[in-house]
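*Asks:*
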Amino acid sequence: MKILVTGGAGFIGSNVVDGYIGAGHEVVIMDNLYTGKRVNVNPEARFYKLDIRSPEAAAVISRERPDILNHHAAQMSVPASVADPGFDADVNIRGFLNLLEAAVKSGVKKVIFISSGGAVYGEAEEYPTPESYPPKPLSPYAITKYCSEHYLAYYRHQYGLHYTTLRYANVYGPRQIPHGEAGVVAIFMNNLINGIQSMLNHFPEDERGMVRDYCFVGDVVSANLAALTRGSDDFFNIGTGQGTRTGDLYDAIFNAVKRAGQAIPEEMSQMKKQLARPGDLKKSCLTIRKAVQSLNWQPRIKLAEGLDKTLKWRLNQI
Ligand SMILES: NC(=O)c1ccc[n+]([C@@H]2O[C@H](COP(=O)([O-])OP(=O)(O)OC[C@H]3O[C@@H](n4cnc5c(N)ncnc54)[C@H](O)[C@@H]3O)[C@@H](O)[C@H]2O)c1
76 MKILVTGGAG FIGSNVVDGY IGAGHEVVIM DNLYTGKRVN VNPEARFYKL
126 DIRSPEAAAV ISRERPDILN HHAAQMSVPA SVADPGFDAD VNIRGFLNLL
176 EAAVKSGVKK VIFISSGGAV YGEAEEYPTP ESYPPKPLSP YAITKYCSEH
226 YLAYYRHQYG LHYTTLRYAN VYGPRQIPHG EAGVVAIFMN NLINGIQSML
276 NHFPEDERGM VRDYCFVGDV VSANLAALTR GSDDFFNIGT GQGTRTGDLY
326 DAIFNAVKRA GQAIPEEMSQ MKKQLARPGD LKKSCLTIRK AVQSLNWQPR
376 IKLAEGLDKT LKWRLNQI
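In terms of our numbering, the sequence shown opens at residue 76 and continues consecutively.
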């Protein structure tokens, strides 16, 4: 198949590109390198350095006529969306609509859209949270992701454009940049390697920090492979079903770094603490039964193993 991956120079998108190319597909990447990096671009893919909001981006879709549009490009920081909701909406909604309009005109068969299970449900009362739980987005980022899901249903209804939405949990692994909340694994690893004390954001009632569902990027790649042929016109949580507190995650990374033989100053076993930021959720963890059944997918990498793989990659970067 011919697949156009937006955000294919970013952390997750570039891993997905490698997975698609490894499976024998032809891949085109569109990325403006806002947070993505040229070194992440697979040399076997055709690369367009373009903003998804531009007329040129639409023209590339018309010229390339991909079978599948896999949409990873996004403004993906919750705090940045709180600081500037207009920019978040411009990239995440207007940019997406630019691509969808071009996709319809160019005969794209299916859109694989990347949403956020860690954001759209809001502070869910059902935990772990299934897809049947009604989303209550609590940040501009969560709102634009959920809004985009509605546009997909509209384009399906109006033009017959098929879609599969993947609502990711917190993804971690090689190529993650230490920025934003989603990058907490990369941030802690980076800090431990560089002897910098890490900060734990917490709510007053729980000093061990917030609960998140950490999913290894290799498992996320498998979900994107499955979504090429399965799960049409439906949405799926992609996570592990296991919640981990930030404090426990830090300890696990601390132990992984120690296992790798890195010297860590004793005081680094403790974290500094500060109260949660606007838009932060106390708890987020996803049920994955629907993806297991319909996508024939399941996560295979346990947290300790995923942290070791990530650390191995990180230490090779030095
Ligand atoms: N990292 C996570 O845990 C997580 C969780 C849920 C959902 N997601 C979603 O997964 C996707 C990929 O996230 P990531 O963690 O790899 O982040 P990332 O920042 O590494 O990747 C985003 C990519 O999009 C590109 N991009 C941004 N704005 C663009 C624009 N206007 N035009 C073209 N390209 C643009 C960036 O340069 C970057 O390469 C995003 O849609 C994000 O919302 C990520």
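For each residue, glycine too, the CB sits at the ideal point set by N, CA and C.
If you're wondering where the values come from, they're calculated on a predicted model, not measured in any experiment.
Is the CB-CB distance between residue 246 and residue 296 below 7 Å?
*Replies:* Contact flag unset, no.
*Asks:* Taking all protein chains shown into account, decide if residue 82 is buried (16 or more other Cβ within 10 angstroms of its Cβ) or exposed.
*Replies:* buried
*Asks:* State buried or exposed for residue 350, treating a residue as buried only when at least 16 other CB atoms are found within 10 Å of its CB.
*Replies:* exposed
*Asks:* Give every residue of the same chain whose Cβ lies closer than 6 Å to the Cβ of residue 211, excluding the five residues on either side of it in the sequence, and list them in chain order.
*Replies:* 197
*Asks:* So what does residue 309 bridge to, in DSSP terms?
*Replies:* Beta-bridge pairing links residue 309 to 239.
*Asks:* What does DSSP give as the partner residue(s) for residue 140 in the beta ladder?
*Replies:* DSSP links residue 140 through a beta bridge to no other residue.
*Asks:* If you check the beta carbons only, do residue 216 and residue 153 fall under 7 Å apart?
*Replies:* Taking a C-beta distance under 7 Å as the contact criterion, residue 216 and residue 153 qualify as a contact pair.
*Asks:* At 3 residues or longer, what runs of the beta strand (DSSP E) sit wholly inside the region 151-231?
*Replies:* Entirely contained in the region 151-231, the beta strand (DSSP E) runs reaching 3 residues are, in chain order, 185-191.
*Asks:* Count Cβ pairs between the region 238-245 and the region 185-202 that sit closer than 8 Å; are there 3 or more?
*Replies:* yes
*Asks:* Candidates 334, 300 and 356: which alpha carbon is nearest residue 97's?
*Replies:* 300
*Asks:* Counting C-beta neighbours from all protein chains within 10 Å, is the total for residue 251 16 or more, i.e. buried, or is it exposed?
*Replies:* buried
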